[in-house]
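For reference, the structure is listed below as structure tokens.
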Amino acid sequence: MSKIRHSVPLDVHLIIRQENKILLMRRHKTGFADGQYALVAGCHESDEPISSAIIREAKEEVGIDLRPEWLTMGCVMHIKIDNPGERVCFFFIANQWNGTITNCEPHKCDDLRFYPLEELPKNLIPFVRSGIFASLEGTHFVEM
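One point on numbering: in the numbering used here, the residue at position 133 of the sequence shown is 146, and numbering is uninterrupted.
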């Protein structure tokens with residue numbers, strides 16, 4: 014038995030809801046999925062609670078403040094696909110926030126807007142699309 018434990022990156026994704034719409038951002042010059050839409054998202058940092066990671070990412074990417082009690086856990090997704098590779102993703106839902114949503118990273122995002130759930134763009138990253146619908150439909154765990 015190997016003494017080295019297997020580890021995978023932990024990602025956080027935020028479904029920001031405004032009535033029947035969700036906030037999406039188009040990735041730009043990031044090196045991953047450029048030209049495709051995603052949620053506010055990022056990597057968990059060492060020794061950081063998962064909820065703190067998504068609160069931090071929301072502030073960094075779109076300038077809003079969240080409180081832990083405003084977050085609802087959507088789903089946890091374990092993915093093993095070529096790109097971005099194996100990882101565990103935590104999808105959260107926020108219906109409430111403080112501040113004005115702003116593109117704080119125009120060097121990484123060239124479009125930021127709310128889309129009706131029934132009109133999500135075709136170029137939404139596939140595993141993100143799955144995480145959105147699983148979260149909103151009450152599915153708590155997904156493997157891809």
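Heads up, the beta-carbon is just placed ideally off N, CA and C, and yes, glycines get one too.
According to DSSP, residue pairing for D24 in a beta bridge involves C56, C102. DSSP places A46 in the coil class of the three-state scheme, outside both helix and strand. The DSSP assignment places complete beta strand (DSSP E) segments of no fewer than 3 residues inside the segment 101–138 at 122–129, in order along the chain. Contact annotation: A147 and R30 have beta-carbon atoms that are not nearer than 8 Å. Rounded to the nearest whole angstrom, the C-alpha separation of N111 and C102 is 25 Å. Sequence-distant partners of K34 (beyond 5 residues in either direction) whose C-beta falls short of 8 Å from its own C-beta, in its chain, are F127, Y128, P129, L130. Excluding sequence positions up to five before and after P134, its CB lies within less than 6 Å of the CB of Y50, all in the same chain and listed in chain order.
Residue environment for F154: exposed (fewer than 16 other C-beta atoms within 10 angstroms of its C-beta). When DSSP reads this structure, V141 sits in no beta bridge, so it has no partner. For E150, the secondary structure class from DSSP, reduced to helix, strand or coil, is helix. Residue state for K72 is assigned as helix, using DSSP reduced to three classes. Taking every protein chain shown into account, the CB of H57 has 16 or more other CB atoms within 10 angstroms, so this residue is buried. I94 sits in coil when the DSSP states are folded into three classes, being neither helix nor strand.
Rounded to the nearest angstrom, the gap between the Cα atoms of I68 and L84 is 9 Å.
In this structure, V21 lies away from I63, with their beta-carbon atoms at least 8 Å apart.
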